[in-house]
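Structure first, commentary second.
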Amino acid sequence: MNKPLNLSTIIPSAEVLVQQCLNGEAAAYRALYDRYAKAMFNTALRILNRSDDAEDILQEAFTDAFQQLSSFEGRSTFGAWLRQIVVYKSIAHLKKQKLHLNGLEADAENVADEPMLEEDEVWYTVDSIKQAMQKLPDGYRTVLALHLIEGFEQEEVAAMMKVAHSTVRTQYMRAKQKLLQVLKQEVYEQ
26 MNKPLNLSTI IPSAEVLVQQ CLNGEAAAYR ALYDRYAKAM FNTALRILNR
76 SDDAEDILQE AFTDAFQQLS SFEGRSTFGA WLRQIVVYKS IAHLKKQKLH
126 LNGLEADAEN VADEPMLEED EVWYTVDSIK QAMQKLPDGY RTVLALHLIE
176 GFEQEEVAAM MKVAHSTVRT QYMRAKQKLL QVLKQEVYEQ
């Protein structure tokens, strides 16, 4: 009778790989990189919208993570910890390139005066939404990517971007409006 295969003995967990890295096992570094590189690249790409910048951030994030591995306390998964590093580095990169949020904090007071987003009964494919997001200004795309795709709460996005929560709320609302506008324009052009 065949015994069931125990994958945990064949494929070590991230926690085991982290411990192996801390013990100086070079193969564990490569295994962690191989396990998380694609997801982290995609996270950076959603924020930065440029594959060469996302690749740079990916390398910087892994370098920092491996150098700071002893500070990883295991309060979250290694993947979540690494994703935080990627997100922070991506935001810092945008700021270095003079990311100007499309609404300043003073604009947050005008939110009530702006018309609400009209939701037509139009369905969009995931690909069309991704393509439309690429056409958004950096500030809009960053807020949408962090909140909708990466799953961060608006308060967390505000803390990461070092702006007021009201600014993120305003950016998010305007980003949704702009995204819908871009999507409608693409449907109209077809």
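With our numbering applied, the sequence shown covers 26 to 215.
Think of the CB as a built atom: it goes at the ideal place given N, C-alpha and C, for glycine as much as any other residue.
Proximity below 8 Å, CB of residue i to CB of residue j
i	j	result
Leu208	Ser153	yes
Phe87	Val43	no
Leu171	Val182	yes
Gly21	Gln196	Since the first residue shown for the chain is 26 and the last is 215, residue 21 is missing from the structure and cannot be characterised.
Thr167	Leu119	yes
Leu94	Ile82	no
Thr68	Glu175	yes
Below-8 Å beta-carbon distance, residue i vs any chain D residue
i	result
Val193	Absence of chain D from the displayed structure is noted, only one protein chain being present.
Residue i: first and last residue of the uninterrupted alpha helix (DSSP H) it sits in
i	result
Ser95	Careful: Ser95 lies outside any alpha helix (DSSP H) and carries neither H nor E.
Leu57	Ala51 to Leu73
Alpha-carbon to alpha-carbon, residue j and residue i
i	j	result
Asp138	Gly99	Note that Asp138 scores a pLDDT of 44, beneath 50, so its modelled location is shaky and nothing firm can be said.
Val41	Gly49	13 Å
Lys121	Ala157	24 Å
Val111	Asp59	16 Å
Gln206	Val193	19 Å
Cys46	Tyr54	6 Å
Ser96	Trp106	11 Å
TODO: Determine, using beta-carbon pairs with one atom in the region 108–117 and one in the region 66–86, whether at least three such pairs fall under 8 Å.
DONE: yes
Task: alpha helix (DSSP H) segments (min. 4 residues) lying fully within the region 170–206 - done: 179–186
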